[in-house]
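Trainee: Got a structure here, written out as structure tokens. Questions coming.
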Amino acid sequence: MTDDTDDAPLSFYDEVGGHATFVRLVDGFYRGVATDDVLKPMYPEEDLGPAAERLTMFLEQYWGGPTTYSERRGHPRLRARHNPFPVNPDARDRWLRHMRASLDELDLPPLHEATLWDYLERAAMAMVNTFEASPIGPPDGGRTAFTPSAAAPDHPPVHRTSEPETDTRRLQ
Ligand code: HEM
């Protein structure tokens with residue numbers, strides 16, 4: 030697969046630089062997570078290293094690299110594996126923001142970058158499993174849990190997880 034002496038087409042994994050690229054992407058991402066007061070407390074382990082390794086293995090496998098993830102962890106079943114964690118739109122946006130910052134650092138060719146980003150965005154959208162406001166994180170002056178009745182009828186509910194005038198974090 031990584032042997033470039035034959036005529037087999039390169040996988041996307043190989044094209045973007047193989048293991049080193051995915052390690053850089055995930056390490057940069059977790060440097061952001063480590064500073065995030067909503068995401069960081071979600072991680073069961075204080076040390077983010079093992080989580081970083083699992084995400085690296087998963088992404089490598091997804092993009093045509095080694096299948097170590099499935100060998101060690103079995104079928105990904107990512108939606109189910111995220112069920113214990115309250116992934117609301119705020120958590121998703123934070124996750125994507127750290128991924129975006131790390132992806133930018135990689136300086137990949139535009140088509141590769143766009144391909145990766147498109148996947149990451151769609152995968153993160155699919156991981157949302159609640160519209161309740163997060164019970165963890167900084168006090169934000171009266172943030173309330175999302176309920177359909179709390180949303181103005183003419184307002185897209187997905188954006189109303191908190192009061193817009195008190196919650197500026199989504200804009201940062
Ligand atoms: C949308 C926001 C997301 C949040 C808040 C989130 C949060 C978490 C947390 C707290 C864990 C547990 C740490 C661990 O045991 O590894 C986890 C695991 C994991 N996440 Fe996410 N995640 C999100 C999206 C994604 C996306 C989009 C992907 C894939 C592209 C992904 C891939 C994984 C993988 C592979 C694991 C390890 C699963 C395992 O083998 O146990 N996550 N995530």
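No gaps in the numbering here: position 136 of the sequence shown is 165 in our numbering, and each next residue is one more. Cβ atoms here follow ideal geometry from the backbone N, Cα and C, with glycine treated the same way.
Can you list the alpha helix (DSSP H) stretches of 4 or more residues lying completely in the segment 116 to 169, in chain order?
Mentor: 118 to 135, 139 to 156
Trainee: How about Ala152: is its Cβ closer than 7 Å to a heavy atom in ligand 1?
Mentor: yes
Trainee: Are the beta-carbon atoms of Phe51 and Thr85 separated by less than 8 Å?
Mentor: Against a cut-off of 8 Å, the Cβ pair of Thr85 and Phe51 comes out as a contact.
Trainee: Tell me which same chain residues have a C-beta within less than 6 Å of the C-beta of Leu88, skipping the five on either side of it?
Mentor: Correct list, in chain order: Phe51.
Trainee: Taking the alpha-carbon of His141 as reference, which of Gly47, Leu68, Asn112 has the nearest alpha-carbon?
Mentor: When each option's Cα is compared against that of His141, the closest is Gly47.
Trainee: What first and last residue would you give for the alpha helix (DSSP H) that runs through His104?
Mentor: DSSP places His104 outside any alpha helix (DSSP H), giving it a letter other than H or E.
Trainee: Starting from the Cα of Val62, find the closest Cα among Asp43, Trp124, Ala162, Arg129 and give me that residue.
Mentor: The shortest Cα separation from Val62 among Asp43, Trp124, Ala162, Arg129 belongs to Trp124.
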